[in-house]
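Colleague:
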Amino acid sequence: MPSRKKTGMFAAAFVTCACSFVIICVVLATQHWVSSKVHFSGTNSSVTVSLTYGLFSGTCEQLVDAGLLVPEKIFQVAANLSNTKAKSTITAIIVILVLGLLVSLLSSGFTCTNAVSNPYQTFLGPIGVYTWNSLCGIFILIAMILFPVNIEGNGLSIELAHGCFSALQKYVKSEHTYGYSYWIMLLIIFLNIASIVIIYFYDHARYSKKKEQERPIENAPKDVILF
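Residue 1061 in this note's numbering sits at position 173 of the sequence shown, and the numbers go up by one each step.
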C-alpha cells in the first residue's frame, strides 16, 4: 500500500487531470469559440454578417445598414466550407483535441493507480504522469495556435459567411472576438502544469528522503561498514 503522503499527492494530481479531461469535453461540445462580424459592401448598402461558432456548428445572421434582414440560423461548419485549407485545419484541431482528451484520460488513470497502489513499472509512476500531462499541454497549445491562424490566414469566418449567405458581394473587413470555449483551453494547460508540479514535489521529497537514509552508511567508519 502507498504511504499517506503519496496517496494525498497523487489524489490531488488525479483531480487536476480529471478536471482537464472534463474541460476538453466542454471545449469540444460548446460552440462559443469565436464571434465574428464580417462586413461586405453592396451596390446601395453595406451588409454585415454576424457569426458565432465552434468546431462543429454555429449561428449566423445578416444585417443591412444596421437593420436585421435575415433571422438567425444554425449552420454546420464543415458543410459551409469550400476552402480545403480551412476545412483541413478544422479537422486537424478536432483530431488534436481528441488526442488531448485520450492523453488526459491516460494521465487520470496513471495518477489514480499511483494513489491506491505502488506500480512496479517505472513508466507507470511519476515519469508516466510527466509524459502524459506534457503531451496534453502541447496538444492544447497547438490547437490554440491553429484556430486563430485558420481565421486570420485562411479566412475561416469569411468562408462561413459566404456559406451562410451566397449573395454577398465585395468583402470589406472582419472583426473577431474569441469566446470562452477558446480561452478555457488556457485553464487546461495550467491544470497540466499543476499536475506535473504536484508529482515533482512528491518525487523530489521521496528522492531527498532516500538520500538521507543512505547518508548514515556513507558517513560510518570503514571498520563498522566491513563488520
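Beta carbons are placed, not taken as given, at the ideal position from N, Cα and C, and that holds for glycine.
1) Locate the beta strand (DSSP E) running through residue 939, then write down its first and last residues.
2) How would you label residue 983, buried or exposed, when you count the other beta carbons within 10 angstroms and need 16 or more for buried?
3) Tell me, to the nearest whole angstrom, how far the beta carbon of residue 1037 is from that of residue 1083; I am working on the premise that it is less than 8 Å.
4) Which residues mark the beginning and the end of the alpha helix (DSSP H) in which residue 1016 is found?
5) Any idea what DSSP makes of residue 984, helix, strand or coil?
6) In terms of residues, what are the limits of the beta strand (DSSP E) holding residue 946?
7) Assess, as a yes-or-no matter, whether the stretch 1062 to 1076 is touched by the stretch 958 to 965 under the definition of 3 or more beta carbon pairs within less than 8 Å.
8) Kindly provide the ranges of any beta strand (DSSP E) runs that are 3 or more residues long and lie completely inside the stretch 1045 to 1097, ordered along the chain.
9) Is the distance from the Cβ of residue 1064 to the Cβ of residue 1030 below 8 Å?
10) Across which residues does DSSP place residue 998 in a beta bridge pair?
11) Pick from 1086, 1056, 1090, 1024: whose alpha carbon is nearest that of residue 932?
12) Any contact between the stretch 918 to 932 and the stretch 990 to 1002? By contact I mean 3 or more CB pairs, one from each, below 8 Å.
13) Which residues in the same chain as residue 975 place their Cβ atom closer than 8 Å to its Cβ, once the five residues preceding and following it in sequence are excluded?
14) Are the Cβ atoms of residue 972 and residue 942 separated by less than 8 Å?
15) Tell me whether the beta-carbon of residue 897 lies closer than 8 Å to the beta-carbon of residue 1033.
16) How close, in whole Å, do the beta carbons of residue 985 and residue 1074 come, if the pair is a contact with beta carbons under 8 Å?
17) If you draw a straight line from the alpha carbon of residue 1042 to that of residue 909, how long is it in whole angstroms?
18) For residue 1046, which residues from the same chain have a beta carbon less than 7 Å from its beta carbon, with the 5 sequence-adjacent residues on both sides left out?
19) When burial is assigned at 16 or more other CB atoms within 10 Å of the CB, is residue 989 buried or exposed?
20) To the nearest angstrom, report how far apart residue 1001 and residue 1078 are at their CA atoms.
Modeller: Per the coordinate set shown:
1) Within the sequence shown, the letter at position 51 stands for residue 939. Residues 934 to 941.
2) On the sequence shown, position 95 is the one that residue 983 refers to. Around the beta carbon of residue 983, a 10 Å sphere encloses fewer than 16 other beta carbons of the protein chains shown; the residue is thus reported as exposed.
3) By one-based count along the sequence shown, residue 1037 stands at place 149. By one-based count along the sequence shown, residue 1083 stands at place 195. Contact flag wrong, Cβ pair sits at about 28 Å.
4) Sequence index remark: in the sequence shown, residue 1016 carries index 128 (1-based). Here the alpha helix (DSSP H) through residue 1016 covers 1014 to 1042.
5) Taking the first residue of the sequence shown as 1, we reach residue 984 at position 96. Helix, per DSSP.
6) What you label residue 946 is simply residue 58 of the sequence shown in a count that begins at 1. 945 to 952 is the span of the beta strand (DSSP E), which, as asked, contains residue 946.
7) no
8) Taking 3 residues as the shortest admissible run, the stretch 1045 to 1097 contains the following complete beta strand (DSSP E) segments, listed from N- to C-terminal end: 1058 to 1066.
9) Within the sequence shown, numbered from 1, the residue matching residue 1064 stands at position 176. Within the sequence shown, numbered from 1, the residue matching residue 1030 stands at position 142. Cβ distance not < 8 Å, so residue 1064 and residue 1030 don't count as in contact.
10) Numbered from 1 along the sequence shown, position 110 holds the residue referred to as residue 998. According to DSSP, which records beta bridges pairwise, residue 998 is partnered with nothing at all.
11) Counted from its first residue, the sequence shown places residue 932 at position 44. Minimum Cα distance to residue 932 is reached at 1056.
12) Verdict: no, contact absent.
13) To locate residue 975, count along the sequence shown from 1; it is residue 87. Taken in chain order, the residues that qualify are 966, 969.
14) The residue you call residue 972 lines up with position 84 of the sequence shown. The residue you call residue 942 lines up with position 54 of the sequence shown. Residue 972 places its beta carbon 8 Å or farther from that of residue 942.
15) Translated into positions along the sequence shown, residue 897 becomes position 9. Translated into positions along the sequence shown, residue 1033 becomes position 145. Taking 8 Å as the Cβ cut-off, residue 897 and residue 1033 do not qualify as a contacting pair.
16) Counted from its first residue, the sequence shown places residue 985 at position 97. Counted from its first residue, the sequence shown places residue 1074 at position 186. Contact flag wrong, Cβ pair sits at about 14 Å.
17) Position 154 of the sequence shown, counted from the first residue, corresponds to residue 1042. Position 21 of the sequence shown, counted from the first residue, corresponds to residue 909. Approximately 29 Å between the Cα atoms of the pair.
18) As a working mapping, residue 1046 is identified with position 158 in the sequence shown. Result list for residue 1046: 926, 1059, 1062, in chain order.
19) For the purposes of this step, residue 989 is taken as residue 101 along the sequence shown, with counting starting at 1. By the neighbour-count rule (16 or more Cβ atoms within 10 Å), residue 989 is buried.
20) What you label residue 1001 is simply residue 113 of the sequence shown in a count that begins at 1. What you label residue 1078 is simply residue 190 of the sequence shown in a count that begins at 1. C-alpha separation (whole angstroms): 22 Å.
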